[in-house]
Amino acid sequence: MFDLVGFGVGGWGAALLKAALTTFALSVAGFLSGAALGALAAFARLSGDRFARGAAFAYSALFRGVPDLLTIYLLYFGGSVGLTVIGGWFGAQGFVGLPAFATGVVALAVISGAYQAEVYRGAFLAIHRGELDAARAYAMSGLTMLRRIVAPQVLRYAIPGLGNVWQLVLKDSALVSVIGLVELMREAQVGAGSTREPFVFFCSAAALYLAIAMITGSLFRHVERRSLRGVRTA
Amino acid sequence: MQTIGKIASMVALTMSALTFSANAWAQEKPTAITIATEGAYAPWNFTGPDGKAAGFEVDLANDLCARMKVKCTIVIQDWDGLIPSLNVGKFDVIMASMFITDKRLEVINFSRPYAIDPSTFAVGKTSALAKSDLTGKFNLNDEAAAQPEIDKMKPLLKGAVVGVQAATTNQQFLKKYLDGVVDIREYKTTQEHDLDLAAGRVDALFGQSTALAATLSKPEYASYTLAGPEFLGGVFGRGTGAGIRKKDTVLLGMFNDAIAAAMADGTIKKLSLKWLKADVTPPQ
Amino acid sequence: MDIAFLADVFRQLMKGAPLTLELAGTSVALGLVLALILAITLQGGRPVLVWPIRGYVTAFRGTPLLVQIFLIYYGLGQFRSSLQTLGLWGLFREPYWCAILALTLNTAAYGTEIIRGGLQSVPFGQIEAARACGMSRSLVYRRVILPIALRQALPAYGNEIILMIKGTSLTSIVTLLEITGIAQQIISQTYRAVEVFACAGAIYLAMNFIITHLLGALEHRLSAHLRAAPEFESSVAVEGGLH
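Going line by line, the protein sequences match chains A, B and C. According to the working numbering, the first sequence is numbered sequentially starting from 159. According to the working numbering, the second sequence is numbered sequentially starting from 7. According to the working numbering, the third sequence is numbered sequentially starting from 91.
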């Protein structure tokens with residue numbers, strides 16, 4: 159039964175592996191872009207400006223409260239409309255479109271950014287106040303303080319939470335299949351539809367997702383152990 | 007002030023990284039177009055393991071593009087997103103066995119039809135409909151003739167669970183004429199309702215004859231057959247056409263000429279016999 | 091902004107809200123029971139029980155919910171004859187039960203980890219004191235461990251409930267007509283994707299907002315004994331009543 163996913167002629171093994179690679183690339187790109195968005199949102203949430211705090215809170219609440227499937231659909235259909243309008247300002251005529259991969263990355267970035275903002279915010283609040291006071295007493299500029307005191311510690315405390323968000327991004331990448339991107343879920347559906355062997359294909363897809371999740375999960379745990387060198391924990 | 011400059015330059019960089027599908031040729035002859043198909047509707051259009059689309063409509067699209075002397079790229083898009091995506095500009099033409107209906111004509115334009123294929127039921131060989139002697143092709147534009155046939159089907163189909171693809175004229179037919187008589191289950195793709203027919207979750211399917219025939223030719227459907235009368239016209243519109251945005255009038259003209267030529271020299275007949283095992287050329 | 095259209099869409103979408111809440115509620119309830127059983131079993135530490143449970147939790151936490159739904163609905167549909175001999179086909183034939191099964195198994199896997207974390211966070215001193223009082227194991231669980239563990243787990247479990255409500259939107263892909271399913275039906279008739287999906291998103295947001303606040307209130311009530319006692323001035327002392 160499982161020779162359908164083998165590598166012979168008419169075997170879908172190579173196609174599934176290629177799609178798994180797309181899934182991985184999509185997730186990595188989405189996660190990293192989400193890190194930038196999340197850091198920005200966390201910064202806004204922790205700042206003194208009431209408007210920035212409100213906007214960051216709204217962003218976080220919105221994309222954690224709306225189903226990711228709807229977020230992906232809205233960015234797919236609405237994104238083109240928005241981009242066309244913006245493109246018009248820059249003089250582009252006609253339609254401006256994003257390829258499906260980029261749309262998927264943007265969707266995953268926006269969703270994971272909302273979760274990552276909370277993780278970074280919690281990590282920042284875990285830093286001892288005294289260190290920040292001492293840094294200011296040394297007249298460190300904001301950037302130096304960020305580079306030498308804040309960022310290393312935020313990253314250290316954030317890694318467990320980021321590990322969870324990464325797993326979320328990996329699984330949400332399966333939803334990007336609805337906009338037509340040929341990643342693992344889509345390839346499994348195509349295979350199941352063509353060969354009418356859904357069990358084989360969805361089992362194989364599940365196994366591949368699990369493999370990626372477990373390998374990257376142990377990577378995160380390794381990084382976590384290394385980052386906590388010399389730090390006393392409860 | 008500095009930050010505004012930085013943000014502006016970042017936005018500009020992002021813009022240049024985007025793909026500009028410059029469809030600025032609404033009023034001129036295009037040289038390259040993108041055609042979308044569903045890729046999950048064998049034998050009209052389906053996706054192979056390499057991710058490329060193939061099938062009757064893919065071959066026909068390549069033929070029409072050669073006649074129009076444009077370069078065409080074929081992309082795949084889910085059925086229920088085809089019309090909204092066309093209108094936001096993700097591609098330029100839809101060729102996905104989409105029927106020309108008044109409802110759709112409100113939002114997009116269609117070329118002249120390049121195929122006509124009636125819809126019918128696929129049922130178990132032991133079911134009441136299969137055992138009856140109802141046959142024939144009925145045009146729903148002539149309701150007086152079609153309605154009695156539908157009424158004859160009602161007792162034979164009562165209580166059956168019928169699978170149909172969502173957002174299609176097939177689903178509209180069931181809703182309009184058989185609502186309350188059958189339990190309608192809507193699926194995102196025809197492949198999914200095929201799977202559920204084999205699994206016995208649905209008792210029957212309603213769809214295009216050629217597509218259902220292709221499905222039933224597979225070994226796991228040995229106990230199923232096409233049965234009952236075939237329907238076209240009315241809610242099914244005027245046949246299958248290529249969907250084009252309303253403002254692309256030049257492209258519409260090019261497609262109409264190409265389709266007329268393909269019909270005249272028998273290309274459509276040849277391709278449809280090859281893929282669909284039936285001649286679906288529309289009457290002139 | 092076509093207010094009339096949006097109002098009509100909103101009205102149609104709300105017809106799917108009962109099914110959404112039913113799917114989420116049933117799977118959370120069943121998942122909670124299953125998670126409790128599995129978490130307590132994991133605490134027991136018997137390898138023959140621990141390894142299968144760990145395997146199940148890893149499998150269901152490491153794969154997307156969409157794949158799980160497809161696997162249970164279409165994948166198991168391939169084995170109709172075997173299921174019929176087992177008498178289970180009546181269950182798997184219905185998309186509703188397939189969805190409940192997929193959602194329950196998914197939430198139970200996450201719930202097991204959450205409750206396990208809650209169980210481990212119970213201060214050991216309290217358990218020792220309970221055992222010293224002569225309580226049996228089950229009594230200790232019932233009166234000491236579970237109340238504390240479940241209260242500790244409430245924030246994380248609240249998150250899980252929100253995730254389940256979002257997860258029900260995926261069941262639209264197996265023909266269920268909850269909010270997202272109805273949204274797709276409306277779009278297929280009107281072709282106005284952005285407005286309809288935005289409306290659906292707003293409904294989910296409202297639901298999650300209400301549930302988050304209800305859970306916050308529940309947390310507040312349950313942790314009353316952990317907060318500082320409220321200050322109150324005795325009118326007797328102020329008026330110099332008591333000397």
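Ideal Cβ positions, reconstructed from N, Cα and C, are used throughout, including at glycine. Model, not experiment: these values are computed from the prediction.
Residue pairing for glutamine 214 of chain B: DSSP places it in a beta bridge opposite B:Ser125. With fewer than 16 neighbouring CB atoms inside 10 Å of its own CB, arginine 233 of chain C falls in the exposed class. Proximity of proline 90 of chain B to chain A, defined by a Cβ-Cβ separation below 7 Å, is satisfied. Of the residues assessed, isoleucine 300 of chain C falls on the exposed side of the cut-off, its CB having fewer than 16 other CB atoms within 10 angstroms. Your pair isoleucine 204 of chain C and alanine 243 of chain C checks out as a contact, with CB atoms roughly 5 Å apart and the cut at 8 Å. Rounded to the nearest whole angstrom, the C-alpha separation of alanine 318 of chain C and leucine 109 of chain C is 42 Å. Contact check for isoleucine 217 of chain C and lysine 105 of chain C: beta-carbon distance about 49 Å, past the 8 Å limit, so the pair fails to qualify.
Arginine 287 of chain A has no beta-bridge partner at all, per DSSP. For a cut-off of 8 Å, the C-beta gap from phenylalanine 253 of chain A to threonine 261 of chain A is around 14 Å, too long to register as a contact.
With 16 or more other Cβ atoms from the protein chains shown falling within 10 Å of its own Cβ, histidine 199 of chain B counts as buried.
Under the DSSP assignment, threonine 79 of chain B falls in the beta strand (DSSP E) whose first and last residues are 77-82. Three or more Cβ pairs drawn from the region 347-357 of chain A and the region 46-56 of chain B lie within less than 8 Å of each other, which places the two stretches in contact.
By DSSP's assignment, phenylalanine 201 of chain A forms no beta bridge with any residue. Selection B:Gly272, B:Arg118, B:Thr174 evaluated against phenylalanine 261 of chain B yields B:Arg118 as nearest (Cα-Cα). For tyrosine 193 of chain B, the enclosing beta strand (DSSP E) begins and ends at 189-193. Ranked by Cα distance from alanine 270 of chain B, the options B:Trp281, B:Thr287, B:Gly259 are led by B:Thr287. For glutamine 197 of chain B, the closest C-alpha among the options B:Lys182, B:Ala172, B:Ile190, B:Val187 is that of B:Ala172. Counting along the chain, the unbroken beta strand (DSSP E) around asparagine 51 of chain B starts and ends at 51-53. Around tyrosine 163 of chain C, the same chain offers Cys188, Val264 as residues with beta carbons nearer than 6 Å, after the five sequence neighbours per side are excluded.
Only those residues of the region 215-242 of chain B whose C-beta falls short of 8 Å from the nearest C-beta of chain A are listed: Lys224, Glu226. Assignment of isoleucine 217 of chain C by DSSP, reduced to helix, strand and coil, places it in the helix class. When only Cα atoms are considered, alanine 258 of chain A and threonine 180 of chain A end up about 12 Å apart. Burial state of isoleucine 373 of chain A is exposed, judged by a 10 Å Cβ sphere holding fewer than 16 other Cβ atoms.
The beta carbon of threonine 261 of chain C does not come within 7 Å of any beta carbon belonging to chain A, so the residue lies off that interface. Annotation: serine 278 of chain C to glutamine 178 of chain B spans about 11 Å, alpha carbon to alpha carbon. Annotation: lysine 137 of chain B to alanine 59 of chain B spans about 38 Å, alpha carbon to alpha carbon. Around the beta-carbon of leucine 312 of chain C, fewer than 16 other beta-carbon atoms lie within 10 Å, marking it exposed.
Annotated three-state conformation of valine 336 of chain A is helix, per DSSP.
Interface residue (Cβ-Cβ distance to chain B less than 7 Å): threonine 265 of chain C is classified as such. From the listed residues B:Ser91, B:Gly57, B:Asn68, B:Glu34, the smallest Cα separation to tyrosine 281 of chain C is found for B:Ser91. Comparing C-alpha distances from valine 64 of chain B to each of B:Met74, B:Arg73, B:Thr79, B:Lys75 shows the shortest one belongs to B:Thr79. Here the region 204-219 of chain A does not lie against the region 228-243 of chain A, with fewer than 3 beta-carbon pairs under 8 Å apart.
Counting only runs of 4+ residues, the alpha helix (DSSP H) found wholly inside the region 144-186 of chain B occupies 149-163, 175-183, in chain order. Taking the Cα positions, glycine 152 of chain C is about 27 Å away from threonine 195 of chain B.
Rounded to the nearest whole angstrom, the CA to CA distance from aspartate 139 of chain B to asparagine 145 of chain B is 19 Å. Assigned with DSSP and collapsed to three states, proline 289 of chain B falls in coil, not helix or strand.
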